[in-house]
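**Q** Residue numbers (the working numbering): 544 to 632.
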C-alpha cells in the first residue's frame, strides 16, 4: 500500500467522490482536493469529462419529456409533507 500526502487524493479517492463532485455535494476541502488531482491526472480528468457528458445528455433528454399536468404540484406537496415529518421528529 502506498502512502500519499494528506493534502492529495489518489485516483481511487477521486473516483469515489466523482458523483458527489458532479452533484456539487463535496465539502470545500474535498472539492479542492478533487480539482487539484484532476489538474495533474489525465485519466481522472477524462473520466470526469465522460461522466459530465453523460449527465448533460440525460438532462437534455429529460427536458424534452412531456410531464403530466399537475405532476410538479403533487411532487412539491409530497416533498413539503415529507419535510414536515422530518421536522416533527
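Just so it is clear, CB atoms sit at the ideal spot from N, CA and C, and this is done for glycine as well. In this text the structure is predicted, and so the values were computed from the model without any measurement.
Helix, strand or coil: which one does DSSP assign to residue 485?
**A** Because residue 485 is not part of the residues shown, which for the chain are 544 to 632, the question remains open.
**Q** In angstroms, rounded to a whole number, what distance separates the CA positions of residue 619 and residue 605?
**A** Whole-angstrom Cα-Cα distance: 18 Å.
**Q** Taking all protein chains shown into account, do 16 or more other C-beta atoms lie within 10 angstroms of the C-beta of residue 593, making it buried, or fewer, making it exposed?
**A** That one is exposed.
**Q** In its own chain, which residues sit with a C-beta less than 7 Å from the C-beta of residue 598, not counting the 5 before and 5 after it?
**A** Closer than 7 Å at the Cβ level, and outside the excluded window around residue 598, lie 565.
**Q** If you run the structure through DSSP and keep just helix, strand and coil, what is residue 583?
**A** Correct three-state label for residue 583: helix.
**Q** Does DSSP classify residue 601 as helix, strand or coil?
**A** Residue 601 falls in the helix class under three-state DSSP.
**Q** Run through DSSP, which three-state label would residue 608 get?
**A** Residue 608: coil per DSSP, three-state reduction.
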